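Asker: These protein sequence lines map, in sequence, to chains A and B.
Those letters in the first sequence? Residues 1 to 235, by the working numbering.
Those letters in the second sequence? Residues 1 to 235, by the working numbering.
Number of protein chains: 2
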Amino acid sequence: MNKVEICFSPELIHLHSLENKIVVVVDIFRATSTMIAALANGITEIKTFADLEECRQMSGEGYLIAGERNGLTAEGFELGNSPIAYLNDAYSGQKLAMTTTNGTLAISKSSEADEVLIGAFPNLSATVSYLQTKNQDVLIHCAGWKGMFNLEDSLFAGALAKSLESTHEATEDGAIAMKALFEKEGYDLKGFLSQASHAKRLQNHNIEADIDFCLTLDLYYFVVKLSSKQTLIKF
Amino acid sequence: MNKVEICFSPELIHLHSLENKIVVVVDIFRATSTMIAALANGITEIKTFADLEECRQMSGEGYLIAGERNGLTAEGFELGNSPIAYLNDAYSGQKLAMTTTNGTLAISKSSEADEVLIGAFPNLSATVSYLQTKNQDVLIHCAGWKGMFNLEDSLFAGALAKSLESTHEATEDGAIAMKALFEKEGYDLKGFLSQASHAKRLQNHNIEADIDFCLTLDLYYFVVKLSSKQTLIKF
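Below you can see the structure in the form of structure tokens.
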């Protein structure tokens, strides 16, 4: 049986081996949920950047640019980090360049893995099905909040570990813990996660609709993967 | 109301503020459990070392020396990291110098806090009562395993957060998660923790009795604190 493990922060990823693994990067509120929304609504590719300035410059190369820092749209960017903004094919046919506080860093720190996927509730089942066709160990890499453990990414990781249990064993401590936590709290994700520090941070920004989107299961049936060092595509 | 938070690894402690907080260092299998056993059985003080060689040299200064690396007694040390070794006042009246793989590092990385306590199941209630007399925020610092999240330290942290709930609010994500996990799994600590990677590591070393000791609640009623940069005493 293959294995599933969880890394709770990009600050801990150097302690995990990425070799021969598929890494699933998770930033539920909101980067990876937004990526899924964008690609589901006609965005053709997403180039990710850790650095604001490099991302901003993509505007000159025909990219729509999205930049978020500390939950808000970064200065000089057309878009922030809201999945809702992409719905109804609002930007269909465009290429997107994106930088966020946590999610894009976690992607860049995962790029040595065999394969990097993007994890979010709106396409969870598609990701699970894909992983179950592959005979490889899975490492779930939570983006966290500025290096710290966060509740929503960890609970998603538990949901994913739980969904993989017929093919991937949770023997690593983080996966054991979060699978058990999801078994307890998964019946009311929104209620449990309303306590999370980042949900509170987002509530201050009046983005309840974003939170609802981010916690909606299986709106879409496709997988998102890193096709080159920094470019995400759906397939 | 005061607050309680959890740091899951010494590798993440730089992200937490220690200012005006009481830090409780936790290394359930086995460093902090062993410290409690030693001080309960007549050891008069424990000096902690991150470095093996510095610890070994304390032998020349009249200290009993205990050294553990990777779960085994380090070469040239009288004692390893077994709490059982100290029972029945085996070394009563002696001073102890101690170094372990994870626990002593977590202590040294906590020393900037207002006060540093040692957390373990055998004196959990005493630690809770003491913390509840203090009007200060609590940070639970899990030693983990070589920088990684581990199940037993995190679940103890959840037990402590739960016990403190009448005076200390769990608003931080790690504390919310582990309090909920303890509520689910706390009724059978030994069963749940038998899955933990470090419990398996210890089973390979045939130290079932150590594990039983480490998971026994409230054998003793005293608190252990850092009295100077590296010396632990009971009070």
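Just so you know, even glycine gets a beta-carbon here, dropped at the ideal spot from N, CA and C.
Just so you know, these numbers come straight off a predicted model, no measurement behind them.
1) Since residue 7 (chain B) and residue 141 (chain B) should fall inside the 8 Å C-beta cutoff, what is the C-beta to C-beta distance between them, to a whole number of angstroms?
2) Run down chain A in chain order and give the residues with a C-beta less than 7 Å from the C-beta of residue 184 (chain B).
3) Tell me the residue span of the alpha helix (DSSP H) that contains residue 56 (chain B).
4) Can you name the residues of chain B whose CB is closer than 9 Å to the CB of residue 162 (chain A)?
5) Report the three-state DSSP secondary structure of residue 13 (chain B) (helix, strand or coil).
6) Comparing the C-beta of residue 171 (chain A) with each C-beta of chain B, is any distance below 9 Å?
7) Any beta carbon of chain A sitting closer than 9 Å to that of residue 140 (chain B)?
8) In the region 134 to 191 of chain B, which residue ranges form an unbroken beta strand (DSSP E) of at least 3 residues, counting only runs that do not cross its ends?
9) Of all Cβ atoms in chain A, is any one closer than 9 Å to the Cβ of residue 150 (chain B)?
10) Quick check: residue 84 (chain B) and residue 209 (chain B), are their CB atoms within less than 9 Å of each other?
11) According to DSSP, is residue 46 (chain A) helix, strand or coil?
12) Note down, in chain order, each residue of its chain lying with its Cβ closer than 6 Å to the Cβ of residue 100 (chain A), except the 5 sequence neighbours on either side.
13) Along the region 9 to 24 of chain B, what residues have a CB closer than 9 Å to any CB found in chain A?
14) Check each candidate in A:51, A:165, A:229 and A:224 and name the one with the smallest Cα separation from residue 34 (chain A).
15) In chain E, which residues lie less than 9 Å from residue 176 (chain A) when you measure between Cβ atoms?
16) Against residue 62 (chain A), what residues of chain B qualify as contacts under a CB-to-CB distance less than 8 Å, listed in chain order?
17) What does residue 154 (chain A) reach in chain B if we use C-beta pairs closer than 8 Å?
18) Kindly list the residues whose CB is nearer than 6 Å to the CB of residue 95 (chain B), restricted to its own chain and excluding five residues on each side of it in sequence; keep chain order.
19) Any beta carbon from chain A within less than 9 Å of residue 6 (chain B)'s own beta carbon?
20) With DSSP as the reference, please indicate the residues paired to residue 2 (chain A) in a beta bridge.
21) Using only CA atoms, which one of B:59, B:104, B:74 and B:53 lies nearest to residue 231 (chain B)?
22) Give the interface partners of residue 147 (chain B) over in chain A, defined as CB-CB distance under 9 Å, in chain order.
23) Please determine, among B:186, B:151 and B:102, the residue with the shortest C-alpha to C-alpha distance to residue 177 (chain A).
24) Which residues in the same chain have their Cβ closer than 6 Å to the Cβ of residue 112 (chain A), if we skip the five residues on either side of it in sequence?
25) For residue 115 (chain A), which residues does DSSP report across the bridge?
26) Rounded to whole angstroms, what is the Cα-Cα separation between residue 119 (chain B) and residue 134 (chain B)?
27) Quick check: the region 180 to 192 of chain A against the region 13 to 27 of chain A, are at least 3 beta-carbon pairs closer than 8 Å?
28) Which partner residues of residue 65 (chain A) appear in the DSSP bridge assignment?
29) As a quick exercise: from B:15, B:108 and B:215, pick the residue whose alpha carbon is nearest that of residue 48 (chain B).
30) Does the distance from the C-beta atom of residue 132 (chain A) to that of residue 115 (chain A) stay below 9 Å?
31) Whole angstroms is fine: what's the gap from residue 181 (chain A)'s alpha carbon to residue 180 (chain B)'s?
Answerer: Let me spell this out:
1) 5 Å
2) 180 and 184
3) 52 to 56
4) Chain B residues near residue 162 (chain A): none, gap ~14 Å exceeds 9 Å.
5) helix
6) yes
7) no
8) 137 to 142
9) yes
10) yes
11) strand
12) 31, 68 and 81
13) 9, 11, 12, 14, 15 and 16
14) A:224
15) Among the chains of the structure shown, chain E does not appear; the protein chains present are A and B.
16) The premise fails here: residue 62 (chain A) is roughly 38 Å from chain B at the closest Cβ pair, so nothing lies under 8 Å.
17) 173 and 177
18) 44, 45 and 63
19) yes
20) A:168
21) B:104
22) 12, 14 and 15
23) B:151
24) 18
25) A:22
26) 16 Å
27) no
28) A:97
29) B:108
30) no
31) 7 Å
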